[in-house]
Amino acid sequence: MTRPRLATVWLGGCSGCHMSLLDTDEWLFELAAAADLVYSPIVDVKEFPHDVDVCLVEGAVANEDNLEFARLVRERSAIVVSFGDCAVSGNVTAMRNPLGDPEGILRRVYVDAPDRDAQVPHAPGIVPLLLAQVRPLHQVIDVDAFVPGCPAPAGRIREAIEALLAGRRPPTTGESIRFG
Numbered sequence: 001m002t003r004p005r006l007a008t009v010w011l012g013g014c015s016g017c018h019m020s021l022l023d024t025d026e027w028l029f030e031l032a033a034a035a036d037l038v039y040s041p042i043v044d045v046k047e048f049p050h051d052v053d054v055c056l057v058e059g060a061v062a063n064e065d066n067l068e069f070a071r072l073v074r075e076r077s078a079i080v081v082s083f084g085d086c087a088v089s090g091n092v093t094a095m096r097n098p099l100g101d102p103e104g105i106l107r108r109v110y111v112d113a114p115d116r117d118a119q120v121p122h123a124p125g126i127v128p129l130l131l132a133q134v135r136p137l138h139q140v141i142d143v144d145a146f147v148p149g150c151p152a153p154a155g156r157i158r159e160a161i162e163a164l165l166a167g168r169r170p171p172t173t174g175e176s177i178r179f180g
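Each residue of the sequence shown is one higher than the one before, counting from 1 in this note's numbering.
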């Protein structure tokens, strides 16, 4: 029998949900015995692989790189999980949305404020092009399950991963759907 292939991804967020994943402590040994972690910011893999069974995506979609990567994750993953409040609702990452056009914000920061070069950084590899609005994951790709929380609590993460690896949906009632 082939072991499930698990991945985790970090988009526009603080990495707090990945820290909570690490807070599952000894259970990580059980997870390692049950599934292969094929991609994550906590492992040294450079390219997102094909044929991922379950992918947890932390963070909102805030820039072009996030959008492109989210689409790649969806294409290569059987189950995509919106992991934490930023991915589920936009949360803190989306606080820039009421400020309007991000180009105007960048101009105020890099051109109008004292700056040596007085230009908005747009060179490839420096600053990805910001989207007009930060979006939760489900607004840009199909999402199969949600694990809310800021950060998502370790117990809730464990419960969701165990359910998904067993072929079940994570719980969607009570504490399992609490935000914050």
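C-beta: ideal position from N, C-alpha, C; glycine also.
Inspect the CB distances between the region 104-116 and the region 55-70 and report whether three or more fall short of 8 angstroms.
Output reads no: the region 55-70 does not touch the region 104-116.
Between the Cα of Glu30 and those of Ile161, Arg169, Arg168, spot the shortest distance and give me the residue it belongs to.
It is Ile161 whose Cα lies nearest to the Cα of Glu30.
May I ask which residues mark the beginning and end of the alpha helix (DSSP H) holding Arg71?
Run containing Arg71: 64-76, per the alpha helix (DSSP H) assignment.
With burial defined as no fewer than 16 other Cβ atoms inside 10 Å of the residue's Cβ, what is the status of Arg168: buried or exposed?
That one is exposed.
Looking at Glu64 and Leu131, is the spacing between their C-beta atoms short of 8 angstroms?
Contact flag set, yes.
For Ile105, which of helix, strand or coil comes out of DSSP?
Here Ile105 sits in helix by DSSP.
Are the CB atoms of Ser20 and Pro153 within a distance shorter than 8 angstroms?
Their beta carbons are under 8 angstroms apart, which means Pro153 touches Ser20 by this criterion.
Cβ of Pro41 within 8 angstroms of Cβ of Ser15?
Going by C-beta atoms, Pro41 is nearer than 8 angstroms to Ser15.
Apart from the five residues just before and just after His18, which ones in its own chain have a Cβ nearer than 7 angstroms to its Cβ?
Around His18: Thr8, Trp10, Pro41, Ile42, Glu58.
At the level of alpha carbons, what is the spacing between Ala35 and Arg135?
Their backbone Cα atoms lie some 30 angstroms apart in a straight line.
Are the CB atoms of Leu137 and Ala94 within a distance shorter than 8 angstroms?
Cβ atoms of Ala94 and Leu137: not closer than 8 angstroms.
Residue ranges of each beta strand (DSSP E) run of no fewer than 3 residues wholly in the region 16-55, ordered along the chain?
Entirely contained in the region 16-55, the beta strand (DSSP E) runs reaching 3 residues are, in chain order, 36-39.
How big is the Cα-Cα spacing for Val228 and Arg74?
An answer regarding residue 228 cannot be provided, because it is not within the stretch 1 to 180 covered by the chain.
Check Ala154 in the structure and name its three-state DSSP category.
The answer is helix: DSSP assigns Ala154 an H, G or I state.
Assuming Ala145 is part of the beta strand (DSSP E), what are its boundary residues?
Here the beta strand (DSSP E) through Ala145 covers 145-147.
Should Asp144 and Val52 be called a contact, given that it needs their Cβ atoms to be closer than 8 angstroms?
Contact: no.
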